[in-house]
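**Q**
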Amino acid sequence: MRVLEDDMFPSTPGKVKIERATAMNRQLHRCFASTSTMFLWALFLVAMTASYLSFQSFVDTSSKYFAASWGGLHWERQIRASAAPRRPPGSAAGAGMSVLVTGAAGFVGTHCSLALRKRGDGVVGIDNFNSYYDPSLKKARRSLLASHGVFVIEGDINDGRLLAKLFDVVPFTHVLHLAAQAGVRYAMENPASYVHSNIAGLVTLLEACKDADPQPAIVWASSSSVYGLNDKVPFTESDRTDQPASLYAATKKAGEEITHTYNHIYGLSITGLRFFTVYGPWGRPDMAYFSFTRNILQGKPITVYRGKNRVDLARDFTYIDDIVKGCLGSLDTAGKSTGTGGKKRGPAPYRIFNLGNTSPVTVPNLVSILEKHLRVKAKKNVVEMPGNGDVPFTHANISLARQQLGYKPTTNLDVGLKKFVKWYLSYYGYTRGSKNL
Ligand SMILES: O=C(O)[C@H]1O[C@H](OP(=O)(O)OP(=O)(O)OC[C@H]2O[C@@H](n3ccc(=O)[nH]c3=O)[C@H](O)[C@@H]2O)[C@H](O)[C@@H](O)[C@@H]1O
C-alpha cells in the first residue's frame, strides 16, 4: 500500500497538496465513472436475464400448450383416416363401424382396438396416459396400435371441447368407453381420481354422445365389483348391487345409474359390461397376477391375502381374448340410439352383461400356476385380507351374455397365464436359460 501511494504521488512538498487533490479528484472521478459503468452493466445483465427467463417460460408454456393441443387440418385428416372402416363394400359382415375407443392405450382398450381394426372397422382412440401405472407401457401399446393404423389422441374424457370436436369430425357409430380409474384398493389412496374419471369423465362423455348427430351406441366397462357384499353365487345381473365394498365399486355402480339416466332421457343405446378380473398379455401392472410375476422374477416376496377363518380368496379370472369377444359382440348387437338434437325419439336399448369365466380360482392357486410357468418358487407372505375394499370371491353367471352376445369363454387360467408369462418374459427382456432367469 505504502509503495503504491509513493508511486502515485510526486515528492515535491509544495505541489503535493494541490496535485494530490487533483489526483484524488481524478481518481474519484475514474472510480465514480467505473462504478456507474458497472452499475449500468449490472442493470443491463439483470434486464437480459429477466428477458431470457421470461422468453424461456413463454417457450415452455407454449410448447406445453402445443404438445397438449389438438385440432388442425393434419390432425383431422389423421382422425378421419383412422375412423374409416376398411371392409370391402358389400362384404358379409356389413359396412363396418366407426368406433371411438376411450382408454385405448389401456389393457382392454388396446386389445379391443386391435381386434376391431383387424376385422376392418374404423377406430379412433383417446387416452390421457396418466401415471397410475407405468406410462411407458401405455406408450408401447400406442405404438402397437399405430403400427396397425389406429390413431390414439392424447386427451382426457373430461375435455368436453375435444369430444365435441371429435364428433364434429367423425360421425362415430359406436363408443367403446373403457377409460376409467381402475383398481379396487387404490381408491383409499386417491379417492378423487375415481370421481374425476369414473363419474365426471363419464358424464362429460355422455353429454358429448347425447349432443352428437347421429348419436352413437355406447358400450362401456362396468365391473364385477358392483356385486360388493352380495353372497349369492354365481353372480347374476339381477342380483343386488347396492352394497359396494369399495369406492371404486361405488363409482362403477354410479356409472350404471348415470348411463341409465342418459338412456331414459336422451335415447342413448347403452350396454354396460361387468368385467371379472381380466388378465393377459399387455396387462395392468397394478393387478395381482402381474405384480406377483414381477416380484417372483426379482426374488422379492409377494403378499397373499386370505379371508376370514383362513378361507382363500377367489376370483373368476377372465382371459383378455374372451373379454374382447364379449366387447365386440356387444358392439355388434347394440341397437341404435334414438335421439337427435339432444331429444329422445323413442326407447333405446339399455343392457347389462356379466363377462366372466364362470370358474373361480383361488389366489394361492393362481400363485402355483405362475410358479409353474415361471419355473421359480414364490416367497409368500400370507396375511389376513385388510379392510381395503376387497371382496372374498367373485363368480359370474354368463347365461345372459351367452344367449344375447354369443359370449363363450374358452381360455382357462392355466392356458391364459402361460400366454401372459410368455409375453412378460419377452416384453421385459428375460431369456430362458440365461442368468437373468
Ligand atoms: O373384476 C373386477 O371388477 C376388478 O378386477 C380387478 O380387481 P381384483 O379382482 O381385486 O384384482 P387384483 O387386484 O388382481 O386382485 C386379485 C386377487 O388377488 C388378491 N391380492 C391382490 C394383491 C396382493 O398383493 N395380494 C393379493 O392376494 C386380491 O385380494 C384379489 O383377491 C381389477 O383391478 C379391477 O379394476 C376390476 O374392476
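The opening residue of the sequence shown carries number 1 in full-length UniProt numbering; numbering runs sequentially from there. Beta carbons: idealized from backbone N, C-alpha and C, even for Gly.
Quick one: grab the DSSP three-state call for Thr318.
**A** Taking the first residue of the sequence shown as position 1, residue 318 is located at position 318. Three-state result, Thr318: strand.
**Q** Cβ of Arg315 within 7 Å of any heavy atom in ligand 1?
**A** Along the sequence shown, read from residue 1 onward, the residue named residue 315 stands at position 315. Under cutoff, so the answer is yes.
**Q** Look up residue 447 in the DSSP assignment and give the residues it is bridged to.
**A** Because the chain here runs from 1 to 437, residue 447 falls outside it and cannot be looked at.
**Q** Where does Thr261 land, buried or exposed, given buried means 16+ other C-beta within 10 angstroms?
**A** Mapped onto the sequence shown, residue 261 falls at position 261. Under this definition Thr261 is an exposed residue.
**Q** Might you give, ordered along the chain, the residues of its own chain that have their beta carbon closer than 7 Å to the beta carbon of Tyr427, omitting 5 neighbours on each side?
**A** Translated into the one-based positions of the sequence shown, residue 427 becomes position 427. If we look at Tyr427 and ignore the five residues flanking it on each side, it has no Cβ neighbours.
**Q** On the DSSP bridge list, what partners appear for Pro301?
**A** For the purposes of this step, residue 301 is taken as the residue at position 301 of the sequence shown. For Pro301, which the question treats as bridged, DSSP gives the partners Lys379.
**Q** Are there any heavy atoms of ligand 1 lying less than 7 Å away from the beta-carbon of Val195, as far as the coordinates show?
**A** By 1-based counting over the sequence shown, the position of residue 195 is 195. Relative to the non-hydrogen atoms of ligand 1, the Cβ of Val195 never comes closer than 7 Å to any of them.
**Q** I'd like to confirm something about Met188: is its beta-carbon nearer than 7 Å to some heavy atom of ligand 1, or not?
**A** Here residue 188 refers to the residue found at position 188 when the sequence shown is read from its first residue. No.
**Q** When DSSP labels each residue in this structure, what does residue 447 get in the three-state scheme?
**A** Since the first residue shown for the chain is 1 and the last is 437, residue 447 is missing from the structure and cannot be characterised.
**Q** Which one or two residues does DSSP pair with Asn396 in a beta bridge?
**A** Residue 396 sits at position 396 when you count from the first residue of the sequence shown. Per the sequence presented here, residue 396 reads as Ala, with Asn not at that position. Bridge partners of Ala396: Phe235.
**Q** So, for Ala84: in the same chain, excluding its five sequence neighbours on each side, which residues have a beta-carbon less than 8 Å away from its beta-carbon?
**A** Here residue 84 refers to the residue found at position 84 of the sequence shown. Excluding residues within five positions, the ones whose Cβ falls inside 8 Å are Ser98 and Gly122.
**Q** Under 7 Å from any heavy atom of ligand 1, does the C-beta of Ala288 make it?
**A** One-based indexing of the sequence shown puts residue 288 at position 288. The answer is yes for Ala288.
**Q** Who are the Cβ neighbours of Tyr133 in its own chain at under 8 Å, not counting the five residues just before and after it?
**A** Within the sequence shown, the letter at position 133 stands for residue 133. Within the same chain, Tyr133 has close Cβ partners Arg284, Pro285 and Asp286.
**Q** If Tyr194 and Thr102 are in contact, beta carbons under 8 Å, what's the gap, nearest whole angstrom?
**A** Here residue 194 is taken as the residue at index 194 of the sequence shown, counted from 1. Here residue 102 is taken as the residue at index 102 of the sequence shown, counted from 1. Tyr194 to Thr102, Cβ: 16 Å. No contact.
**Q** Between Phe151 and Ser113, what straight-line distance do the alpha-carbon atoms span, to the nearest angstrom?
**A** Translated into positions along the sequence shown, residue 151 becomes position 151. Translated into positions along the sequence shown, residue 113 becomes position 113. For the pair Phe151 and Ser113, the Cα-to-Cα distance works out to about 10 Å.
**Q** By Cβ distance below 6 Å, which residues in the same chain neighbour Gly329 in space, the five residues on each side in sequence not counted?
**A** To locate residue 329, count along the sequence shown from 1; it is residue 329. Answer for Gly329: Leu405, Gly406 and Tyr407, listed in chain order.
**Q** By Cβ distance, which residues of its chain are closer than 6 Å to Ile270, with the 5 residues on each side in sequence left out?
**A** For the purposes of this step, residue 270 is taken as the residue at position 270 of the sequence shown. Ile218, Thr259, Asn263 and Tyr350.
**Q** Which of the three DSSP states is assigned to Arg387 in this structure?
**A** One-based indexing of the sequence shown puts residue 387 at position 387. A small fix is needed here, since residue 387 is Gly in this sequence, not Arg. Reduced to three states, the DSSP call for Gly387 is coil.
**Q** Which stretch, first to last residue, makes up the beta strand (DSSP E) that contains Phe420?
**A** Numbered from 1 along the sequence shown, position 420 holds the residue referred to as residue 420. Taken as a continuous stretch (DSSP letters only), Phe420 belongs to no beta strand (DSSP E), being part of the alpha helix (DSSP H) at Leu413 to Tyr427.
**Q** Which class does His260 belong to by DSSP, given the choice of helix, strand or coil?
**A** As a working note, residue 260 is residue 260 in the sequence shown. It is helical.
**Q** Secondary structure at Ser98, three-state DSSP: helix, strand or coil?
**A** Counting from one through the sequence shown, the residue named residue 98 turns up at place 98. Correct three-state label for Ser98: strand.
**Q** Under three-state DSSP, which class holds Val363?
**A** The sequence position of residue 363 within the sequence shown is 363, counting from 1. Under the three-state reduction of DSSP, Val363 is assigned to helix.
**Q** Buried or exposed for residue 506, please, with buried defined as at least 16 other CB atoms from any protein chain shown within 10 angstroms of its CB.
**A** Since the first residue shown for the chain is 1 and the last is 437, residue 506 is missing from the structure and cannot be characterised.
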